[in-house]
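Chemist:
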Amino acid sequence: MFFLRKLIIKLSNLKFAIFLMLSIAFASALGTFIPQDRISTDYINIYNKEPFLKILNGDKILFLELDHIYTSSWFLTLLILLCISLAACSFRTQIPSLKASLKWVDYDKEKKFMRLELANNWQISNKEELISHSSKVLENNGWESLNYGNRISARKGVAGKLGPIIVHIGLLILLIGSAYGNFTRQSKEQYLTNNEELDLINDSSNEKFTIKLKEFSIVRENDGKPKQFISTLDFKTNKSDIIEEKIAKVNHPIRYQGLTIYQADWSIPNIILEIDDLKYQLQLKPIPEFGEQIWGILIEIGEKNKRNYLLTIDNEIGPVKVFNSTTFEEEDLYVDGKVSFINESKLKLLKINTSSGLIIKNDPSIPFIYASFVFIIIGIILSVVPTKQLWILINENTAKFYIGGLSNRNLSGFKIEFESLTEQIKNF
Numbered sequence: 039m040f041f042l043r044k045l046i047i048k049l050s051n052l053k054f055a056i057f058l059m060l061s062i063a064f065a066s067a068l069g070t071f072i073p074q075d076r077i078s079t080d081y082i083n084i085y086n087k088e089p090f091l092k093i094l095n096g097d098k099i100l101f102l103e104l105d106h107i108y109t110s111s112w113f114l115t116l117l118i119l120l121c122i123s124l125a126a127c128s129f130r131t132q133i134p135s136l137k138a139s140l141k142w143v144d145y146d147k148e149k150k151f152m153r154l155e156l157a158n159n160w161q162i163s164n165k166e167e168l169i170s171h172s173s174k175v176l177e178n179n180g181w182e183s184l185n186y187g188n189r190i191s192a193r194k195g196v197a198g199k200l201g202p203i204i205v206h207i208g209l210l211i212l213l214i215g216s217a218y219g220n221f222t223r224q225s226k227e228q229y230l231t232n233n234e235e236l237d238l239i240n241d242s243s244n245e246k247f248t249i250k251l252k253e254f255s256i257v258r259e260n261d262g263k264p265k266q267f268i269s270t271l272d273f274k275t276n277k278s279d280i281i282e283e284k285i286a287k288v289n290h291p292i293r294y295q296g297l298t299i300y301q302a303d304w305s306i307p308n309i310i311l312e313i314d315d316l317k318y319q320l321q322l323k324p325i326p327e328f329g330e331q332i333w334g335i336l337i338e339i340g341e342k343n344k345r346n347y348l349l350t351i352d353n354e355i356g357p358v359k360v361f362n363s364t365t366f367e368e369e370d371l372y373v374d375g376k377v378s379f380i381n382e383s384k385l386k387l388l389k390i391n392t393s394s395g396l397i398i399k400n401d402p403s404i405p406f407i408y409a410s411f412v413f414i415i416i417g418i419i420l421s422v423v424p425t426k427q428l429w430i431l432i433n434e435n436t437a438k439f440y441i442g443g444l445s446n447r448n449l450s451g452f453k454i455e456f457e458s459l460t461e462q463i464k465n466f
């Protein structure tokens with residue numbers, strides 16, 4: 039029993055809780071720099087050549103479970119210890135503090151007023167009605183009071199003592215919800231072209247529905263850099279023929295039937311090209327050697343003497359750049375109906391097809407996360423509410439009136455309120 043009590047004291051220590059929070063924050067930072075949940079060979083290939091921070095190669099990353107930090111045994115242990123620490127702190131410190139604030143403290147001797155932060159006293163003549171008047175003044179100013187006949191105990195802002203407890207409850211819900219989400223959330227990335235449909239099902243609610251990409255567009259800056267990606271999606275459930283239109287943008291996801299759909303990326307999957315009066319739909323592939331978001335394909339062009347040409351494109355409006363793989367000569371094709379002659383062949387660019395990259399997530403922990411934020415916000419708001427106490431005593435033998443009080447925060451503000459109450463009582 040002694041060992042258990044000592045362990046709880048250690049776990050509820052503020053320094054230990056801060057150490058746990060910093061450890062979790064550091065681990066989360068590692069999770070943003072080290073790609074998560076890839077196959078083992080990826081880590082070997084990437085980090086054996088260039089170790090992370092020059093000390094962590096692929097084998098060490100796998101051994102330390104840094105490839106799946108948020109579901110690793112040591113990360114979950116940190117979360118459990120922090121939950122225990124928060125709970126122990128609430129039971130050892132915050133709840134006893136709340137109970138103490140709910141108890142009425144009686145100041146029945148003049149000496150007690152000398153130890154208060156704020157105190158005042160004066161001679162009186164009308165002793166009988168002054169206590170009753172003081173009670174009314176306190177009540178009119180929002181104080182809760184208890185009358186003992188010749189003295190009063192009053193308090194205000196007791197709800198402030200609930201703040202830290204509610205914050206701890208919110209943090210517990212957040213930690214438990216996050217851990218639950220790490221094991222239950224599902225995510226997939228899907229590219230859709232215009233008018234392409236995708237059937238989805240929410241594993242949590244078993245709801246089935248279909249999404250269709252109605253339109254995808256890119257808003258660009260004056261210098262041509264992408265500013266915003268916009269996907270207009272039509273939603274239709276199996277239970278109804280009603281179609282709902284929703285718009286997904288970067289940092290503005292769609293939430294529907296328990297799923298969250300994020301606008302993540304875009305690509306150019308293919309172009310339609312007319313070569314010598316024949317139409318071809320050419321499937322493009324990313325060419326990272328040329329730079330980010332450049333797609334291309336190598337094809338043969340020429341009626342008699344065929345040669346290899348590399349076709350590349352880096353935006354949704356063109357042009358398609360055609361490179362001769364031998365001479366590296368370049369020619370641009372635009373979607374304008376004009377015919378270009380390359381190696382005696384007629385080429386006409388008919389269409390550039392784009393696709394929207396959507397990330398579809400099913401995260402059952404989201405309600406827990408939102409609920410935790412509500413608790414934390416409410417707790418923080420209550421935590422800034424000062425808890426104030428005030429006492430009044432009339433010494434019938436000396437005909438002297440004593441008033442004093444204290445506050446756990448914002449003493450300067452309480453001093454102004456204390457002086458105002460004193461004046462209201464004095465002017466009776």
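If you use the working numbering, the sequence shown corresponds to residues 39 to 466, in order. Every residue, glycine too, gets a C-beta built ideally from N, C-alpha and C.
1. If we call anything under 8 Å between Cβ atoms a contact, is Thr275 one with Pro402?
2. Decide if Ala67 is buried, meaning its Cβ has at least 16 other Cβ atoms within 10 Å, or exposed.
3. Look at the Cβ atom of Leu251, then the Cβ atom of Glu227, and state whether they are nearer than 8 Å.
4. For Leu120 versus Ile62, is the C-beta spacing smaller than 8 Å?
5. Are the stretch 441-453 and the stretch 144-162 touching, with three or more C-beta to C-beta distances below 8 Å?
6. Please tell me whether Gly198 and Ser421 are closer than 8 Å, where the distance is taken between their beta carbons.
7. Could you give the distance in angstroms between the alpha-carbon of Asn353 and the alpha-carbon of Leu209?
8. Nearest to Gln462 by CA position, among Phe129, Asp75, Lys174, Ile107, is which residue?
9. Classify Asn446 as helix, strand or coil using the three-state DSSP reduction.
10. Could you tell me whether the Cβ atoms of Leu385 and Ser394 are closer together than 8 Å?
11. Contact between the stretch 407-421 and the stretch 246-263 is defined here as three or more beta-carbon pairs at a separation below 8 Å; is this criterion met?
12. Per the contact definition of three or more C-beta pairs closer than 8 Å, is the stretch 338-354 in contact with the stretch 311-322?
13. Would you kindly check if the distance between the Cβ of Ala138 and the Cβ of Ile46 is under 8 Å?
14. Give the DSSP-derived three-state secondary structure of Trp304 in the structure shown.
15. Report the partner residues of Ser191 according to the DSSP bridge assignment.
16. Opposite Phe406 in the DSSP bridges: which residues?
17. What is the DSSP secondary structure of Asp75, counted as helix, strand or coil?
18. Using the C-alpha atoms, what's the distance from Leu271 back to Tyr318?
19. Looking only at its own chain, which residues have a Cβ that is under 7 Å from the Cβ of Ser135, when we skip the five neighbours before and after it?
20. Would Trp160 be called buried (16 or more neighbouring beta carbons within 10 Å of its own) or exposed?
21. Below 8 Å, can you find three or more Cβ-Cβ pairs linking the stretch 424-438 to the stretch 181-195?
Modeler: Answer, in terms of the structure:
1. Position 237 of the sequence shown, counted from the first residue, corresponds to residue 275. Position 364 of the sequence shown, counted from the first residue, corresponds to residue 402. Cβ atoms of Thr275 and Pro402: not closer than 8 Å.
2. In the sequence shown, counting from the first residue as 1, residue 67 sits at position 29. Exposed, by the Cβ-count rule.
3. Indexing the sequence shown from 1 puts residue 251 at position 213. Indexing the sequence shown from 1 puts residue 227 at position 189. No, the pair does not count as a contact, with Cβ atoms beyond the cut-off.
4. Position 82 of the sequence shown, counting from 1, holds the residue named residue 120. Position 24 of the sequence shown, counting from 1, holds the residue named residue 62. Contact check for Leu120 against Ile62 passes: the beta carbons are separated by less than 8 Å.
5. Verdict: yes, contact present.
6. Here residue 198 is taken as the residue at index 160 of the sequence shown, counted from 1. Here residue 421 is taken as the residue at index 383 of the sequence shown, counted from 1. Taking 8 Å as the Cβ cut-off, Gly198 and Ser421 qualify as a contacting pair.
7. Numbered from its first residue, the sequence shown carries residue 353 at position 315. Numbered from its first residue, the sequence shown carries residue 209 at position 171. About 45 Å.
8. If you number the sequence shown from 1, residue 462 lands on position 424. Closest by alpha carbon: Lys174.
9. Counting from 1 along the sequence shown, the entry for residue 446 is found at position 408. Note: Asn446 maps to coil in three-state DSSP.
10. Counting from 1 along the sequence shown, the entry for residue 385 is found at position 347. Counting from 1 along the sequence shown, the entry for residue 394 is found at position 356. Going by C-beta atoms, Leu385 is not nearer than 8 Å to Ser394.
11. By the Cβ test, the stretch 407-421 is not in contact with the stretch 246-263, since fewer than three Cβ pairs between them sit closer than 8 Å.
12. yes
13. What you label residue 46 is simply residue 8 of the sequence shown in a count that begins at 1. What you label residue 138 is simply residue 100 of the sequence shown in a count that begins at 1. Against a cut-off of 8 Å, the Cβ pair of Ala138 and Ile46 comes out as no contact.
14. Start at 1 with the first residue of the sequence shown, and residue 304 comes out as number 266. It is a strand residue.
15. For the purposes of this step, residue 191 is identified with residue 153 of the sequence shown, where counting begins at 1. Paired residue(s): Leu184, Trp429.
16. If you number the sequence shown from 1, residue 406 lands on position 368. For Phe406, which the question treats as bridged, DSSP gives no partner whatsoever.
17. Counting from 1 along the sequence shown, the entry for residue 75 is found at position 37. Reduced to three states, the DSSP call for Asp75 is coil.
18. Counting from 1 along the sequence shown, the entry for residue 318 is found at position 280. Counting from 1 along the sequence shown, the entry for residue 271 is found at position 233. Their backbone Cα atoms lie some 28 Å apart in a straight line.
19. Sequence index remark: in the sequence shown, residue 135 carries index 97 (1-based). Correct list, in chain order: Lys199.
20. To locate residue 160, count along the sequence shown from 1; it is residue 122. It is exposed - the Cβ of Trp160 has fewer than 16 other Cβ atoms within 10 Å.
21. yes
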